[in-house]
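Q: For what it's worth, our numbering labels the leading residue of the sequence shown as 29, then goes sequentially.
For every residue, glycine included, the Cβ atom is placed at its ideal position computed from N, Cα and C.
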Amino acid sequence: MVITLDGPAAAGKSTVARRLAGRLGVRYLDTGAMYRAVTHEALRSGVDMDDPEQLARLARRTRIELRPDGRGLRVFCEGRDVTDEIRSPEVTANIYRVADRPEVRQALRARQREFARRCDLVAEGRDQGTEVFPDAEVKFFLDASLEERARRRQRDLRADGCEAALDEVMAQVARRDARDSSRPVGALRRLDDMVLIDSTKMAVDEVVEAMVAEIERRGLMPGRT
Ligand code: C5P
């Protein structure tokens, strides 16, 4: 079984996907972490970021592991724990040079599908219900207003000891939305067969409960017939 969860930046996808996967007893696939890991490896190894073939080779070959731990996922790249490094401003600023490349997306798409052959999962990202798993059992689109998403991002930044003005964070999130929605391959899109959840006024638990209710309604809760 594959459940997809797409949506714009800072909508709460990772937190919700992790908790939903926990409720269902399946694995959680953080595809943003894969794009981040390849970007990190590209910067570290000094490949030419303007050469799609070199980037695609990295996307095919870099050993990326997503290991669940008590609080979330730890991300390993070539055996090294890069969980914190892949969230650096440098990686975030360069990620489009990697994620906009159709060659890279093709390589990571294949790896994501390979993952689904081995286990049931909740797959989270920008293109999971559109291009990677168009036939997933349930496809969710998690949204929230731009202002609310910027507030959430601002809170995360604050937790990391970084103060930023709300209008600045809003502008950054809006820029990421525009980039993620306009790339030629793998653009963020909401399709008619996706269940839209607007979490602007919802707590994380409420979002997860709404998703569980939808999965139950379709008779897909693991362990039930
Ligand atoms: O989800 P996260 O913010 O970690 O994703 C980082 C970036 O990776 C996104 O802004 C997007 O450009 C890219 N991405 C993507 N396709 C996915 C997941 C992430 O292009 N499935």
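Which one of 166, 207, 136, 231 has the shortest CA to CA distance from residue 180?
A: Among 166, 207, 136, 231, the Cα nearest to that of residue 180 is on 231.
Q: List the whole-angstrom C-beta distance separating residue 62 from residue 92, where the pair is believed to meet the contact cut-off of C-beta under 8 Å.
A: Sure, about 6 Å apart at Cβ, within 8 Å.
Q: Where in the stretch 192 to 235 do unbroken runs of the alpha helix (DSSP H), each at least 4 residues long, occur, reported from the N-terminal end onward?
A: With a minimum length of 4 residues, the continuous alpha helix (DSSP H) runs that stay inside the stretch 192 to 235 are 194 to 210.
Q: Determine, for residue 154, whether the minimum Cβ-Cβ distance to residues of chain C falls below 8 Å.
A: Looking for chain C here will not work: only one protein chain is present.
Q: Which value, in whole angstroms, describes the spacing of the CA atoms of residue 198 and residue 161?
A: Each residue's Cα considered, the two are about 30 Å apart.
Q: Tell me whether the beta-carbon of residue 172 lies closer than 8 Å to the beta-carbon of residue 227.
A: In this structure, residue 227 lies closer than 8 Å to residue 172 by Cβ.
Q: Between the stretch 100 to 112 and the stretch 42 to 60, do at least 3 Cβ pairs fall closer than 8 Å?
A: Because the criterion of three Cβ pairs below 8 Å is met, the stretch 100 to 112 and the stretch 42 to 60 touch.
Q: Does residue 174 come out as helix, strand or coil in the three-state DSSP assignment?
A: Correct three-state label for residue 174: helix.
Q: With a threshold of 7 Å (Cβ to nearest heavy atom), would residue 49 be considered close to the ligand C5P?
A: The answer is no for residue 49.
Q: Once DSSP output is grouped into helix, strand and coil, what is the label at residue 155?
A: In this structure, residue 155 counts as coil in the three-state DSSP scheme.
Q: Got a sec: does the ligand C5P put a non-hydrogen atom nearer than 7 Å to the Cβ of residue 84?
A: No.
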